[in-house]
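Here the sequence shown is numbered in my numbering, starting from 158 and rising by one per residue.
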Amino acid sequence: MSSAKDVLRPLVISGPSGVGKSTLLQRLFAQYPDKFGFSVSHTTRPPRPGETEGKQYYFVSRDKFQELLKQGAFIEHAEFSGNFYATSFNAVREVSQAGRRCILDIEAQGVRQIKQTNLDPVYLFISPPTLAALRARLQTRGTETEASTSKRLATALKEIEYAKEGAHNVVIVNDDLERACDLLKRVALGEEIASDTLPPLDD
Ligand code: ADP
Ligand code: 5GP
Numbered sequence: 158m159s160s161a162k163d164v165l166r167p168l169v170i171s172g173p174s175g176v177g178k179s180t181l182l183q184r185l186f187a188q189y190p191d192k193f194g195f196s197v198s199h200t201t202r203p204p205r206p207g208e209t210e211g212k213q214y215y216f217v218s219r220d221k222f223q224e225l226l227k228q229g230a231f232i233e234h235a236e237f238s239g240n241f242y243a244t245s246f247n248a249v250r251e252v253s254q255a256g257r258r259c260i261l262d263i264e265a266q267g268v269r270q271i272k273q274t275n276l277d278p279v280y281l282f283i284s285p286p287t288l289a290a291l292r293a294r295l296q297t298r299g300t301e302t303e304a305s306t307s308k309r310l311a312t313a314l315k316e317i318e319y320a321k322e323g324a325h326n327v328v329i330v331n332d333d334l335e336r337a338c339d340l341l342k343r344v345a346l347g348e349e350i351a352s353d354t355l356p357p358l359d360d
């Protein structure tokens with residue numbers, strides 16, 4: 158459950174790679190250009206076609222990432238599928254200072270670390286309807302090699318295990334995109350919604 162006062166708290170979105178987090182967020186930001194702010198993470202992975210510096214990510218070398226890590230620039234960081242990702246204090250601060258609700262898109266290791274901080278966000282898990290659907294989405298996105306698709310699917314199982322532990326406040330199953338968009342919009346606006354039931358995801 159989330160509630161109206163939650164609109165002041167950051168919103169941490171997680172879920173397996175390929176489940177549709179970026180798609181959902183893109184739609185939310187298009188619909189509400191002034192209400193929310195994306196916490197732009199640092200990553201050592203190369204940009205995908207259409208991604209631009211400072212919008213989806215700050216794309217940095219491994220050396221630069223390590224330097225920032227040593228300087229204490231990050232609230233949390235993780236290695237995911239052979240690349241490093243991190244949320245900087247600056248990224249979250251910039252959004253809050255703009256008076257917007259901060260939305261983070263991070264994986265499970267990052268969620269665990271955020272839970273040790275005083276950020277106190279709402280944790281939202283985006284679930285696929287089935288593992289077969291997840292696999293198909295990762296493949297149709299066309300951004301991964303066969304090897305990296307397998308790696309991301311293996312990691313997806315860990316993300317799902319963590320969700321099964323009840324790590325999140327709200328679950329949205331991204332089956333029908335319109336429905337998932339509507340639920341995300343409501344959570345982001347601080348409305349109280351009933352969480353979806355996590356599917357078995359054992360196919
Ligand atoms: P993530 O950011 O979670 O890694 P993306 O937003 O890149 O995932 O989505 C992965 C692929 O799945 C994209 O090709 C996207 O168009 C597609 N997709 C997203 N939501 C749905 C949905 N509800 N049904 C079918 N395909 C979807
Ligand atoms: P992608 O390479 O598909 O953009 O992201 C891979 C994974 O990294 C996704 O699960 C995404 O949520 C996660 N991620 C993106 N930014 C961060 C971050 O700053 N910290 C952590 N821990 N994970 C991140």
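Even glycine gets a Cβ: it sits at the ideal position worked out from N, Cα and C.
Since the structure is predicted, the reported quantities are computational estimates derived from the model, not experimental observations.
Taking the alpha-carbon positions, what's the residue i to residue j distance?
i	j	result
glycine 175	leucine 291	6 angstroms
glutamine 183	aspartate 359	29 angstroms
tyrosine 319	alanine 351	20 angstroms
aspartate 220	leucine 310	28 angstroms
glycine 267	glycine 177	18 angstroms
isoleucine 271	valine 249	12 angstroms
asparagine 275	threonine 209	30 angstroms
alanine 206	glutamine 254	In the sequence on display, residue 206 carries proline and not alanine. Cα-Cα distance, rounded: 30 angstroms.
glycine 323	isoleucine 232	23 angstroms
threonine 354	arginine 298	26 angstroms
serine 305	glutamate 236	14 angstroms
valine 363	glutamate 303	This structure cannot settle anything about residue 363, because the visible part of the chain is limited to 158 through 360.
Is the beta carbon of residue i sitting closer than 9 angstroms to the one on residue j?
i	j	result
glycine 194	cysteine 259	yes
serine 189	alanine 345	Reading the sequence as shown, one finds tyrosine at residue 189 and not serine. Yes.
alanine 243	serine 198	yes
glutamate 316	glutamate 349	no
threonine 201	asparagine 240	yes
proline 173	serine 196	no
leucine 295	leucine 181	no
leucine 261	asparagine 326	no
threonine 312	serine 238	yes
serine 179	glutamine 213	yes
Pick helix, strand or coil for residue i, following the three-state DSSP scheme.
i	result
serine 305	helix
isoleucine 317	helix
isoleucine 258	Inspection of the sequence shows that residue 258 is occupied by arginine rather than by isoleucine. Of the three classes helix, strand and coil, the one that applies to arginine 258 here is strand, per DSSP.
threonine 354	coil
serine 174	coil
leucine 340	helix
serine 160	Any reading at serine 160 must be qualified, since the residue scores a pLDDT of 48, below 50, and its modelled position is unreliable; no value is offered.
alanine 324	coil
glutamate 335	helix
glutamate 236	strand
- Message: So, does the region 330-349 touch the region 283-300, judging by three or more C-beta pairs under 8 angstroms?
- Response: yes
- Message: Give the list of continuous alpha helix (DSSP H) stretches no shorter than 4 residues that lie fully inside the region 192-234.
- Response: 219-227
- Task: Pick out the complete alpha helix (DSSP H) segments inside the region 268-304, 4 residues or longer, and give them in chain order.
- Result: 288-298
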